[in-house]
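Protein chains in written order, with numbering that gives the first Met the number 0: chain U, 0 to 187; chain S, 0 to 327. Down below is the structure, laid out as structure tokens.
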Amino acid sequence: MKERQRMVEALVTEQAVRELAHPRAAAFRRLVDGELDSAYRLAAAILGDRFEAEDAVHDAAVSAWRHWGDLRDEARFEAWFGRIVINSCRDRMRRSRRRAAIELGRDATFTEHPVTDDGSADAADRDVVRRLLATLPLDERIVVALRFGADLTVPTIADRLQIAEGTVKSRLHAALGRLRRAIEESER
Amino acid sequence: MSEQADMRVERALRSVLDERRPAQGVPLELRERVAEIPDRALSRIDGPLILRRIARVDVAGLAAAAVVILAFLGGVVSRAAIPAVGHDVTTVPGSHGLDADIDRLGLVTGVSDDVAWFVALVAVAILGITALAYRGRRMRVLGVTAGAVLAAAMVLATQTGVEFGYFWGPTLRLNASAQPPAGSDGPTVYYITAEPGQPFAATFDVHNPGPLPVRLEGLVDGSSPDATWLRWSALWYDDKNEGAVGLTSEAKPFVPIDIPSDGHLTLFVVGRAGRCALGPAFQLDQADTYGYSTIGEAHLAFSVLGWPGEAVVELPFRIAEPNPGTCS
Chain U
0 MKERQRMVEA LVTEQAVREL AHPRAAAFRR LVDGELDSAY RLAAAILGDR
50 FEAEDAVHDA AVSAWRHWGD LRDEARFEAW FGRIVINSCR DRMRRSRRRA
100 AIELGRDATF TEHPVTDDGS ADAADRDVVR RLLATLPLDE RIVVALRFGA
150 DLTVPTIADR LQIAEGTVKS RLHAALGRLR RAIEESER
Chain S
0 MSEQADMRVE RALRSVLDER RPAQGVPLEL RERVAEIPDR ALSRIDGPLI
50 LRRIARVDVA GLAAAAVVIL AFLGGVVSRA AIPAVGHDVT TVPGSHGLDA
100 DIDRLGLVTG VSDDVAWFVA LVAVAILGIT ALAYRGRRMR VLGVTAGAVL
150 AAAMVLATQT GVEFGYFWGP TLRLNASAQP PAGSDGPTVY YITAEPGQPF
200 AATFDVHNPG PLPVRLEGLV DGSSPDATWL RWSALWYDDK NEGAVGLTSE
250 AKPFVPIDIP SDGHLTLFVV GRAGRCALGP AFQLDQADTY GYSTIGEAHL
300 AFSVLGWPGE AVVELPFRIA EPNPGTCS
């Protein structure tokens, strides 16, 4: 028991010494750890895949560590890291789109065997949205995920994406229009 | 109707995106992987990248900055000032009057910029390593900017110096009647009429043509104090004369002094006749019968932003010591 306590104390001391020796690493761990949950939710909302989201968040954390010198103010970490996470997701989506283009027939199979929850109208709508979401232009898909998946406000989305609020609104409008038309067509 | 449709789409969207929301928080495994990122990055330091570890030591960066500042502001002038001998020399402002018997005043044995180059190279290396090691844009910009400023300062410092100004004249035991030989456009020759070992003096002004202030450090003379040949023996100055021919009564014992950009400084150079000098017996009409030792330039030690340099000031006159040829 004492032996175990000594080991724990040694580990705690080692960690403390390491953090003293590398204040940058300590700051990184403290700030990233505080944002990990929301970053993970954000990535999951954008990518729609738990494992992809994990990898995207990890990639974003690696990128944040590499570019730590660019962070001028720790108070801006949330927005800064959020942008990195979104860029990481965007990279993954681009790569998966290229893969999808190579894996011929994947989308067709998906369309031929749609996932349905039940027989209700809402379920049908969800089915249409689920299918169409993957075909939306990348930028629209990200804006939709940030707005309705991560519940971010339009100004926050504009800040995260470094675009004008008007651009966010127009992308949302375009995406919702596509989805609405798709739902209407599915009812005919 | 359209509003209802939008609500419907939004409801469906939120529902689909809710499905994507992870039921639990971040997996522990991901949290651990992220926490390990700094350790992995730091443990990748090996081989030549050991330099990265050096760059990360803030003390090294601070030391480099301190060395650079000391080098440029403190003046790393690798020279050996020679203590004056002879009469007491006072450097109290206002004390003046040329005393040519004071030997070794304002002389330096030589100028070397080896230390300055070494310090600059170390500073550039550390700045470069810092800029490369930190991948952040801010650190890179900082490193590159500091390097550029350092390089610009070095270029300016090494390209600046002093040159001969406008005025000159004999001051002590020099035959001032001598003119360039007939039909020659050569410089005026002043023949030394001092006894062997006695001092003589001339005056001229120097000009700083560069954009930076130049600190005059002394007159370079590497000869031994016991040397018995023609040599420089002391340097005096007059900083109130604005470059005109100086009066010996206004001369002050030399101390390192700054010459502003485009500024002038009147100098008095004192020399000692060699032991074979002919002395006051010299007659101009017999000039062709003697051999001569001559001095036609003065080597001045200076520093710009602490960077040492040596200016070879071509004098518009020659100082010639007639030698009867019977001395060995």
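By construction, the Cβ of each residue, glycine as well, lies at the ideal position given by its N, Cα and C atoms. Every value quoted in this text rests on a predicted model; they were computed, and no experiment measured them.
My assumption, with CB atoms under 8 angstroms, is that residue i sits in contact with residue j. Please give the rounded CB distance.
i, j, result
"U:V84", "U:A43", "Wrong, their Cβ atoms sit about 11 angstroms apart, outside the cutoff."
"U:F80", "U:A52", "Not quite, the Cβ-Cβ distance comes to about 15 angstroms (not below 8 angstroms), so this is no contact."
"S:I258", "S:N207", "4 angstroms"
"S:D102", "S:S232", "5 angstroms"
"S:W306", "S:A145", "About 17 angstroms; that fails the 8 angstroms criterion."
"S:A200", "S:A99", "5 angstroms"
"S:L106", "S:L218", "5 angstroms"
"S:A213", "S:V148", "Sequence inspection shows Val at residue 213 of chain S; the Ala mentioned does not correspond to that position. The pair is not a contact, with the Cβ atoms about 20 angstroms apart (cut-off 8 angstroms)."
"S:D112", "S:G308", "7 angstroms"
"U:F76", "U:L41", "With 8 angstroms as the limit, U:F76 and U:L41 do not qualify as a contact, their Cβ atoms being about 14 angstroms apart."
"U:R170", "U:D138", "6 angstroms"
"S:A11", "U:R125", "5 angstroms"
"S:F253", "S:L97", "With 8 angstroms as the limit, S:F253 and S:L97 do not qualify as a contact, their Cβ atoms being about 11 angstroms apart."
"S:P37", "U:A24", "3 angstroms"
"S:T247", "S:T170", "6 angstroms"
In terms of alpha-carbon separation, which member of the options lies closest to residue i?
i, options, result
"S:L229", "S:G278, S:I36 and S:Q3", "S:G278"
"U:T155", "U:R177, U:A123 and U:A78", "U:A78"
"S:P321", "S:C275, S:G295 and S:P307", "S:C275"
"U:E34", "U:R140, U:R82 and U:R91", "U:R82"
"U:L178", "U:V143, U:Q161 and U:V153", "U:V143"
"S:E194", "S:T227, S:P169 and S:L155", "S:T227"
"S:V188", "S:I294, S:E31 and S:D5", "S:I294"
"S:S167", "S:K239, S:V213, S:P255 and S:L264", "First, the residue type needs correcting, since residue 167 of chain S is Trp and not Ser in the sequence shown. Among S:K239, S:V213, S:P255 and S:L264, the Cα nearest to that of S:W167 is on S:L264."
"S:P224", "S:V254, S:G273, S:L29 and S:P37", "S:G273"
"S:L299", "S:D113, S:A150, S:L234 and S:A22", "S:L234"
"U:R65", "U:R93, U:F27 and U:D90", "U:F27"
"S:R172", "S:Y165, S:T192 and S:T157", "S:T192"
"S:P26", "U:P22, U:F50, U:L30 and U:L46", "U:F50"
"U:C88", "U:R159, U:A173, U:S169 and U:R180", "U:R159"
"U:R93", "U:I182, U:E183, U:H172 and U:R140", "U:R140"
"S:I256", "S:D238, S:A250 and S:G209", "S:D238"
"U:A123", "S:R7, S:E309, S:T325 and S:G24", "S:R7"
"S:D261", "S:A119, S:E296, S:E35 and S:E162", "S:E162"
"S:V312", "S:V268, S:T288, S:E2 and S:Q285", "S:V268"
"S:T325", "S:P186, S:T288, S:T247 and S:F301", "S:T288"
"S:R19", "U:A133, U:L137 and U:G165", "U:A133"
"S:G24", "U:P22, U:A25 and U:D32", "U:D32"
"S:G270", "S:V254, S:L246, S:S248 and S:E296", "S:E296"
"S:V205", "S:L104, S:F301 and S:V154", "S:F301"
"S:F203", "S:Y190, S:Y236, S:P210 and S:D220", "S:Y236"
"U:W67", "U:R130, U:K168, U:P22 and U:S95", "U:P22"
"S:L29", "U:I162, U:A24 and U:D36", "U:D36"
"S:A119", "S:A4, S:M153 and S:S248", "S:M153"
"S:P338", "S:P252, S:E216 and S:G160", "Outside the displayed range of chain S (0 to 327) lies residue 338 of chain S, so it cannot be described from this structure."
"U:G165", "U:A174, U:G176 and U:V153", "U:V153"
"U:V128", "U:S95, U:A174, U:V167 and U:D69", "U:A174"
"U:L131", "U:E73, U:G176 and U:A163", "U:G176"
"U:S95", "U:I45, U:L70, U:E73 and U:A74", "U:I45"
Is there contact between the segment 306 to 316 of chain S and the segment 281 to 289 of chain S, where contact requires at least three CB pairs shorter than 8 angstroms? Between the segment 306 to 316 of chain S and the segment 281 to 289 of chain S, the count of Cβ pairs shorter than 8 angstroms is below three; the stretches do not touch.
Quick one, which residues of the segment 38 to 65 of chain U are near chain S if we go by CB-CB under 7 angstroms, in chain order? Per Cβ criterion, the list reads Y39, R40, A43, A44, G47, R49, E53, V56, H57, A60, V61, W64 and R65.
Evaluate the contact criterion for the segment 146 to 163 of chain U versus the segment 13 to 27 of chain S: three or more CB pairs, one atom per stretch, below 8 angstroms. As far as the Cβ criterion goes, the segment 146 to 163 of chain U touches the segment 13 to 27 of chain S, which means the pair count is three or higher.
Going along the segment 300 to 316 of chain S in order, which residues come within less than 9 angstroms of chain U, judged by CB to CB distance? Against chain U - using a Cβ distance shorter than 9 angstroms - the segment 300 to 316 of chain S contributes no residues.
In chain order, what are the residue ranges of uninterrupted beta strand (DSSP E) at least 3 long that sit wholly in the segment 235 to 278 of chain S? The qualifying runs are 256 to 258 and 263 to 271.
Where the segment 93 to 117 of chain S meets chain U: residues whose CB sits under 7 angstroms from a CB there: Of all residues in the segment 93 to 117 of chain S, none has a Cβ within less than 7 angstroms of some Cβ in chain U.
Which residues, taken in chain order from the segment 160 to 178 of chain U, show a beta carbon closer than 8 angstroms to some beta carbon of chain S? The segment 160 to 178 of chain U vs chain S, Cβ under 8 angstroms: L175 and L178.
Entirely within the segment 109 to 169 of chain U and at least 3 residues each: give me those beta strand (DSSP E) ranges in chain order. Taking only runs of at least 3 residues, no beta strand (DSSP E) segment lies wholly in the segment 109 to 169 of chain U.
Contiguous beta strand (DSSP E) assignments of at least 3 residues, all confined to the segment 151 to 209 of chain S: If only uninterrupted beta strand (DSSP E) runs of at least 3 residues are considered, those enclosed by the segment 151 to 209 of chain S are 162 to 171, 187 to 191 and 198 to 206.
As an exercise, report each continuous alpha helix (DSSP H) stretch of at least 4 residues that is fully enclosed by the segment 274 to 310 of chain S, in chain order. The segment 274 to 310 of chain S contains no whole alpha helix (DSSP H) run of 4 or more residues.
Near-chain S residues of the segment 130 to 152 of chain U (beta-carbon distance less than 8 angstroms), N- to C-terminal order: From the segment 130 to 152 of chain U, only L132, V143, A144, F147 and G148 have a Cβ closer than 8 angstroms to chain S.
Taking only runs that begin and end inside the segment 47 to 91 of chain U, name each unbroken alpha helix (DSSP H) of 4 or more residues, in chain order. Taking only runs of at least 4 residues, the alpha helix (DSSP H) segments lying wholly in the segment 47 to 91 of chain U are 49 to 65.
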